[in-house]
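Below is one structure, written out as C-alpha cells, with a few remarks after it.
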Amino acid sequence: MKHTYQVTFLLLSLFFLAQLIGLFVANYYLDRELPYGMERPQIEEEKPVQSTFLMMAAIIIASIIFIIFARFKLSFLWKIWFFLAVLLMLSITFASFLNHTIAFVLALTLAFFKVVKRNIVIHNITEIFMYGAVSAIFAPVLSVKIALMFLAAISVYDIISVFVTKHMVTMAKFQTKLGLFAGLLIPYKRNIAVLGGGDIGLPLLFSSVLIRDYGLYNAIIVSISATLALCILLYKAEKKKFYPAMPFITAGCLFGYLAIYLFSFYL
Numbered sequence: 076m077k078h079t080y081q082v083t084f085l086l087l088s089l090f091f092l093a094q095l096i097g098l099f100v101a102n103y104y105l106d107r108e109l110p111y112g113m114e115r116p117q118i119e120e121e122k123p124v125q126s127t128f129l130m131m132a133a134i135i136i137a138s139i140i141f142i143i144f145a146r147f148k149l150s151f152l153w154k155i156w157f158f159l160a161v162l163l164m165l166s167i168t169f170a171s172f173l174n175h176t177i178a179f180v181l182a183l184t185l186a187f188f189k190v191v192k193r194n195i196v197i198h199n200i201t202e203i204f205m206y207g208a209v210s211a212i213f214a215p216v217l218s219v220k221i222a223l224m225f226l227a228a229i230s231v232y233d234i235i236s237v238f239v240t241k242h243m244v245t246m247a248k249f250q251t252k253l254g255l256f257a258g259l260l261i262p263y264k265r266n267i268a269v270l271g272g273g274d275i276g277l278p279l280l281f282s283s284v285l286i287r288d289y290g291l292y293n294a295i296i297v298s299i300s301a302t303l304a305l306c307i308l309l310y311k312a313e314k315k316k317f318y319p320a321m322p323f324i325t326a327g328c329l330f331g332y333l334a335i336y337l338f339s340f341y342l
C-alpha cells in the first residue's frame, strides 16, 4: 500500500469531494455563459479525432513549457503562471454561487494564501474547488465521443510520461520542492501523498460531459466508479514509486459509463 490507511482515506475523500463540487459547478454552467465576459473554445464535435488531437497538443505544449521552467529553475515564472491559473479557476467556480465581484475577491485572497503564504490547508481546499471551472469551460462544448477519446489518449500519454520519458516525475518533484503543487498534497511523517491536478480534473471533465445526456446523478455514479478505481491503485501501489494514475481512473470512468449506458438503454 502506497500510504497509510488514514492518508489514503483522506486523499480519496478529497478526490471525491472535488468530483462532487465540480459536477455541481459544471451542471450550473451547462446552459449558462461563463462569467467575466469569458468565451468557451470552439470545438468541432463532428471531427472527434481532430478535436482530440488539438486538445492533446495543448497538453503537450503546456508540458514542454513546464519542463523548461523546471530545467532552467524558472520558479518565478511558474509561480506567476500558477497564481493566475488558480485565480481564474477559483473565480469561475465561486461565480456559480456568489456575486461575481465577491467571487473574484475571494478567489484573489485564496490564491494569495495558496501561492505566497503556502498554507497546506488552504492549498487543498482550493484544489477541491478549482477543477469545476475546467468542466464549466469545456463540458458544454464536448461530445461524449470526444471525451472518451481524450481520456484514452491522456491515459497513454500518462504511461509514457511516467515510465518512458519520465518528465511527469520531474514535473511533480519540481512542484513539490517549490511547495506549489498542482493537485492534492498531504504531508505526513517523513513522507508526502500527492495526486496531480490532471488526475482530478480529467475524470471530472468526463463525468461533466455526461450530465447533458444522462443527468447529474448518473454522472455522480461515474465519479464514484473513478474513485473506486483510484482506491485500487493506491492499495496496490508500492511506497516511493511513481505510477500513472489516469489509466486506472479512466478504467473506472469507463466502467461507470458502461453501467449507466446499459441501465439507460434497457430502461
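For my numbering, count along the sequence shown from 1 and bump the result up by 75. Glycine included, each C-beta is placed from N, C-alpha and C at the ideal position.
Relative to the alpha-carbon of residue i, which residue among the options has its alpha-carbon at the smallest distance?
i, options, result
"Y206", "V82, A257 and I335", "A257"
"L277", "K77, L89 and Q94", "Q94"
"G70", "A312, E313 and D274", "A query on residue 70 cannot be resolved here, the shown segment of the chain reaching from 76 to 342 and no further."
"F151", "V191, Q125 and E114", "V191"
"F141", "K248, G112, I234 and F187", "K248"
"P110", "I134, E202 and I177", "I177"
"S339", "D288, S210 and L303", "D288"
"L163", "L305, V216, K154 and F179", "F179"
"L329", "K315, T302, M246 and T83", "T302"
"T83", "A304, T325, I155 and F169", "A304"
"A334", "V231, S300, K311 and K315", "S300"
"F295", "L279, Q125, I167 and I235", "Going by the sequence as given, residue 295 is Ile instead of Phe. Out of L279, Q125, I167 and I235, L279 has the C-alpha closest to the C-alpha of I295."
"L183", "F158, W153, V239 and E313", "F158"
"S210", "R107, Q81 and A145", "R107"
"F169", "F204, S298 and S126", "F204"
"T245", "S230, T325, S138 and S171", "S138"
"S126", "S230, I221 and N293", "I221"
"I307", "N293, T240 and T325", "T325"
"L165", "K315, F128, P262 and H198", "H198"
Specify the secondary structure class of residue i as computed by DSSP and reduced to three states.
i, result
"A170", "coil"
"I234", "helix"
"G254", "coil"
"I335", "helix"
"I267", "strand"
"L105", "coil"
"P262", "strand"
"K77", "coil"
"F317", "coil"
"T240", "coil"
Using the C-alpha atoms, what's the distance from residue j back to residue i?
i, j, result
"K264", "K77", "14 Å"
"A214", "M243", "25 Å"
"I200", "E119", "34 Å"
"L253", "L337", "46 Å"
"I38", "G331", "The question about residue 38 has no answer, for the chain in this structure spans 76 to 342."
"A160", "I135", "17 Å"
"I195", "T251", "12 Å"
"A101", "F91", "15 Å"
"G272", "E202", "8 Å"
"N266", "L149", "26 Å"
"Y341", "R193", "50 Å"
"A133", "I234", "18 Å"
"N174", "I167", "11 Å"
"G290", "Y104", "14 Å"
"A268", "F238", "19 Å"
"K122", "Y80", "44 Å"
"I212", "G112", "12 Å"
"I154", "L255", "It should be noted that the sequence gives Lys, not Ile, for residue 154. Each residue's alpha carbon lies about 8 Å from the other."
"V297", "F187", "34 Å"
"L89", "V231", "25 Å"
"E312", "L260", "Position check: residue 312 holds Ala in this sequence, whereas Glu was assumed. If I take the Cα positions, the gap works out to 17 Å."
"F317", "T240", "13 Å"
"P262", "S236", "24 Å"
Hey, is residue i close to the ligand COA, as in C-beta under 7 Å from one of its heavy atoms?
i, result
"F99", "Only the bare structure without any ligand can be found here, which leaves the ligand COA out of the picture."
Mind listing, in chain order, the continuous alpha helix (DSSP H) runs of no fewer than 4 residues lying wholly within the stretch 188-227? 195-205 and 207-213
Could you pull out every unbroken alpha helix (DSSP H) segment of at least 4 residues lying fully inside the stretch 283-313, listed in chain order? 291-311
Unbroken stretches of the alpha helix (DSSP H), 4 residues or longer, contained in the stretch 108-187: 123-146, 150-169 and 175-187
For the 8 Å Cβ check, are there 3 or more pairs between the stretch 221-237 and the stretch 315-330? yes
Is the stretch 281-297 touching the stretch 81-98, taking contact as three or more C-beta pairs under 8 Å? yes
Assess contact between the stretch 114-134 and the stretch 216-223, defined as three or more Cβ pairs (one per stretch) separated by less than 8 Å. Is contact present? yes
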